[in-house]
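One structure is given here, and the rest of the page talks about it.
Residue numbers (our numbering): 1439 to 1680.
Okay, structure coming up:
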């Protein structure tokens, strides 16, 4: 059974490596199947957690994604990366789940999206608490902008692959990411003014605050959160040109 605790190989494999494993798995290589699943499991569970409103369904949908993928490997020809192909399957699995549950009564006015994301994040790593702050802000973005931001800035997909996954032009993805950055910057500033975002020093943070990223194309999302007499006043989300 595939679970969220499945370990991954040391270091993140390249897209070419993961795709090679998928192609080898298609040919019946059981070791390649194991490597393929381990290499991409974390990306899938993080992506599903950001699309799914039900925190209890994240593990099941992740497992469903891999079961669908393994059952469809004979049709995978490597025209896109294995990761893009797998995330497209995850997207369909979540959409199918939404359709199945659409007629069920809701138990809460607001889905606990933050809890779903928190469950999917690795604990005990530098910047974990800061990541939850960012994810809380991401929840306030429109769905399409949040997905574009997550794919390119958190999962590191190239804009071309994010566009293929979202079935939209590359320019649309770039626009959504840029608007997401603008919105996030405004939300951080608003949070600072409300004194709800507090800088916490840590081993991987600079003196100015937190850093998230960088994205696939060298883009970073730094956030400076200040408090106290000598605190900085500006909070920015800086990125490369899109």
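Built from N, CA and C at the ideal position, the CB exists for glycine as well.
Query                                                                                                                   : Result
CB-CB length for residue 1699 against residue 1524, believed under 8 Å                                                  : What the structure shows of the chain is the stretch from 1439 to 1680, and residue 1699 is not part of that stretch, so it cannot be assessed.
Local conformation of residue 1518 per DSSP, three classes                                                              : coil
Through-space distance from residue 1531 to residue 1502, alpha-carbon basis                                            : 7 Å
Alpha carbon of residue 1461 to alpha carbon of residue 1497, nearest angstrom                                          : 25 Å
Touch test, the stretch 1610-1619 against the stretch 1585-1594, Cβ-Cβ under 8 Å, three pairs minimum                   : yes
Residue of 1516, 1605, 1455, 1529 minimising C-alpha distance to residue 1484                                           : 1529
Residue 1537 versus residue 1464 - alpha carbon distance                                                                : 30 Å
Endpoints, the alpha helix (DSSP H) within which residue 1463 is located                                                : 1453-1464
Cβ pair residue 1576, residue 1626 closer than 8 Å                                                                      : no
Spatial neighbours of residue 1481 in its chain, beta-carbon cut-off 8 Å, leaving aside the 5 residues before and after : 1521, 1524, 1525, 1593
Three-state class that DSSP yields for residue 1632 in the structure shown                                              : coil
Beta-carbon proximity of residue 1459 to residue 1450, cut-off 8 Å                                                      : no
Whole-angstrom C-beta distance between residue 1499 and residue 1468, which should lie under 8 Å                        : Incorrect: roughly 24 Å between the Cβ atoms, too far for contact.
Within 8 Å, strictly: CB atoms of residue 1475 and residue 1504                                                         : yes
Same chain, Cβ closer than 6 Å to residue 1516, five either side skipped, listed in chain order                         : 1457, 1461
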